Amino acid sequence: MSRVGKMPIEVPKGVDVQLSAHQITVKGANGTLSRALSNHVRVKHDGGKVVFEPADESVQANAMSGTMRALVANMVNGVSKGFERKLTLVGVGFRAQAQGQKLNLQVGFSHPVVKEMPAGVKCETPTQTEIVIKGADRQAVGQVAAEVRAIRPPEPYKGKGIRYADERVSLKETKKK
13 MSRVGKMPIE VPKGVDVQLS AHQITVKGAN GTLSRALSNH VRVKHDGGKV
63 VFEPADESVQ ANAMSGTMRA LVANMVNGVS KGFERKLTLV GVGFRAQAQG
113 QKLNLQVGFS HPVVKEMPAG VKCETPTQTE IVIKGADRQA VGQVAAEVRA
163 IRPPEPYKGK GIRYADERVS LKETKKK
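At position 169 of the sequence shown the residue is numbered 181 (our numbering), and the sequence of numbers has no breaks.
Below you can see the structure in the form of structure tokens.
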């Protein structure tokens, strides 16, 4: 059996987990998340723990028990604490400004780039060169951060562009004559 799938999920106070036949719903302070359940996994919710077991002895069921456990653990963590991803802008004149559900970026193009935030994802700009993307859904936060980074990824010669705060860009040496 999957090592990850064997571990039960501790449900903190203030988080409500509801099971139906084909769906699991997690409610908390940061919102509500739901996910369809796989036919290969049996889910048990007793008290403050959620336990996942493979429905049969197949490799697929074993793998899905660990996957579903990890996804639901991220849902519980998201509705209780939330997830965030930090981005930094490197370059002369590169600026970011959050306006409600929109992120205005000036990153060296002839026009400003406006990125609309999806539902459940918030954007903040503590300084003009920092972007913080927050939300309860880990996948949505990571996807929005990747889309913002893709607007102007760091280039390899000077390192200019939008990068993750913990990303290290290795710079190339310029061509010699």
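All C-beta atoms in this analysis are idealised placements derived from N, C-alpha and C, irrespective of residue type, glycine included. On a predicted model such as this, the values are computed, not experimentally measured, just so you know.
7 Å Cβ shell around residue i - same chain, five flanking residues per side excluded
{"i": "G43", "result": "V91, G132, A148"}
{"i": "R150", "result": "N86, G90, F95"}
{"i": "A110", "result": "C135, E136, T137"}
{"i": "G60", "result": "E22, V23"}
{"i": "Q72", "result": "H52"}
Supposed close pair residue i, residue j - CB separation, criterion 8 Å
{"i": "V102", "j": "G17", "result": "In fact, because the Cβ distance is near 41 Å, the residues do not count as touching under 8 Å."}
{"i": "S77", "j": "F64", "result": "5 Å"}
{"i": "Y169", "j": "T141", "result": "With a Cβ gap of about 20 Å, Y169 and T141 do not count as contacting."}
Proximity winner among the options, relative to residue i (alpha-carbon distances)
{"i": "V88", "options": "Q113, I36, R164", "result": "I36"}
{"i": "E179", "options": "K187, P165, T186", "result": "P165"}
{"i": "K93", "options": "G26, G154, A162", "result": "G26"}
{"i": "A108", "options": "V160, V156, P130, D68", "result": "V160"}
{"i": "L183", "options": "A177, K189, E167", "result": "E167"}
{"i": "K98", "options": "Y176, E185, S50", "result": "Y176"}
{"i": "D68", "options": "S50, G60, E185, V84", "result": "S50"}
{"i": "F121", "options": "I163, T186, P24, S32", "result": "I163"}
{"i": "M80", "options": "I143, I21, V181, K188", "result": "I21"}
{"i": "H34", "options": "R47, L115, V23", "result": "R47"}
{"i": "T139", "options": "G171, V104, T100", "result": "T100"}
{"i": "M19", "options": "Q72, V84, A41", "result": "V84"}
{"i": "G171", "options": "S70, Q72, V104, K188", "result": "V104"}
Other residues of its chain near residue i: CB distance less than 6 Å, five sequence neighbours each side excluded
{"i": "V38", "result": "V29, L45, M87, V88, V91"}
{"i": "M129", "result": "Q113, C135"}
{"i": "I145", "result": "R97, C135, V153, V156, A157"}
{"i": "Q118", "result": "R107, P124"}
{"i": "N116", "result": "Q109, P124, V126"}
Cβ shell of residue i (< 8 Å), same chain only, five flanking positions each side left out
{"i": "A82", "result": "V16"}
{"i": "S70", "result": "H52"}
{"i": "S32", "result": "none"}
- Specify whether the stretch 47-55 and the stretch 64-75 touch according to this definition: at least 3 beta carbon pairs, one from each stretch, less than 8 Å apart. Because the criterion of three Cβ pairs below 8 Å is met, the stretch 47-55 and the stretch 64-75 touch.
- Message: Quick check on the DSSP output: what are the complete beta strand (DSSP E) runs of length 3 or more inside the stretch 54-97, in order along the chain?
- Response: 61-66, all fully within the stretch 54-97.
- Which ranges would you report for the beta strand (DSSP E) in the stretch 111-146 if only whole runs of at least 3 residues count? Those beta strand (DSSP E) runs which fall completely within the stretch 111-146 and span 3+ residues are 114-118, 125-128, 133-136.
- For the stretch 141-187, which segments carrying the beta strand (DSSP E) assignment without a break, of at least 3 residues, lie completely within its bounds, in sequence order? Listed in chain order, they are 142-147, 173-176.
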